[in-house]
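Residue numbering for the sequence shown follows my numbering, beginning at 87 and increasing consecutively. This report refers to the structure that appears directly beneath it.
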Amino acid sequence: MNLNNATNVSDSLNSLIEELSKLPGIGPKTAQRLAYYIVRQTERENIQLAEAISSVSTKIIYCDKCQNLSDYNPCIICTNPNRNISQICVVEDPMDVVAIEKSNCFKGLYHVLHGSISPLNGIGPDQLRIKQLFQRLEKEDISEMIIATNPTLQGEATALYISNNNTKSDLVITHLARGLPIGGSLEYSDDITLSRAFQGRQQISE
Ligand SMILES: [Zn+2]
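Spelled out as structure tokens, the structure:
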């Protein structure tokens, strides 16, 4: 961060501000405000916060099946006997799973790619968990793959790559209906828009 902002007399406060300002969407001013808020919290509250941060680094793992972040492997969605194992919904980000689960419009399984194809940023298919997706399609009894990548250029390119490289012959590949804001993100779509996008999903032609 800009050293001009590091004018607090306390080194520990400055270092807290510096760490907070590395978080997405947090500028130096917000970082400063958060740091002062934290200073005023009780020691017990701050220890809980610190423990929560440290346990996400030590406890969270990737589910071997869906590649989502979880405390368990396989995760609670993959092991839930009430899920429809013949449908798989492919998303870019773990937060997309949260948004879809919240909208309550899908009861199948997921596959999290952890990003989208973006040649300009040096991200190709090999940097994503696409290989694991194709392995699952081979092994599991999946009849429909719903590609729910974001409505962005990168998301579309990723969807196209996946459908073009699929080798499972009896698989129906669908894409979420338009209606999601172009250039937007699933994560920020409201429940009704997401439900409609699922209901109106369309088959990708061969
Ligand atoms: Zn899983």
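For glycine and all other residues, C-beta sits at the position ideal for the given N, C-alpha and C.
Comparing alpha carbon positions, the residue from Ser202, Leu223, Leu106, Ser101 closest to Gln213 is Ser202. If you draw a straight line from the Cα of His261 to the Cα of Asn170, it comes to about 18 Å. Between the alpha carbons of Gly241 and Tyr247 lies a distance of about 10 Å. According to the DSSP assignment, Tyr274 belongs to no alpha helix (DSSP H), since it is labelled neither H nor E. The three-state secondary structure of Leu195, taken from DSSP, is strand. Nearest to Phe220 by C-alpha distance, out of Asp97, Leu199, Ser189, is Leu199. Tyr148 carries a strand assignment under DSSP once its states are collapsed to helix, strand and coil.
Residue range 170-177 is occupied by the beta strand (DSSP E) that includes Ile171. When C-alpha distances from Lys151 are compared across Thr253, Ser140, Gln218, the shortest belongs to Gln218.
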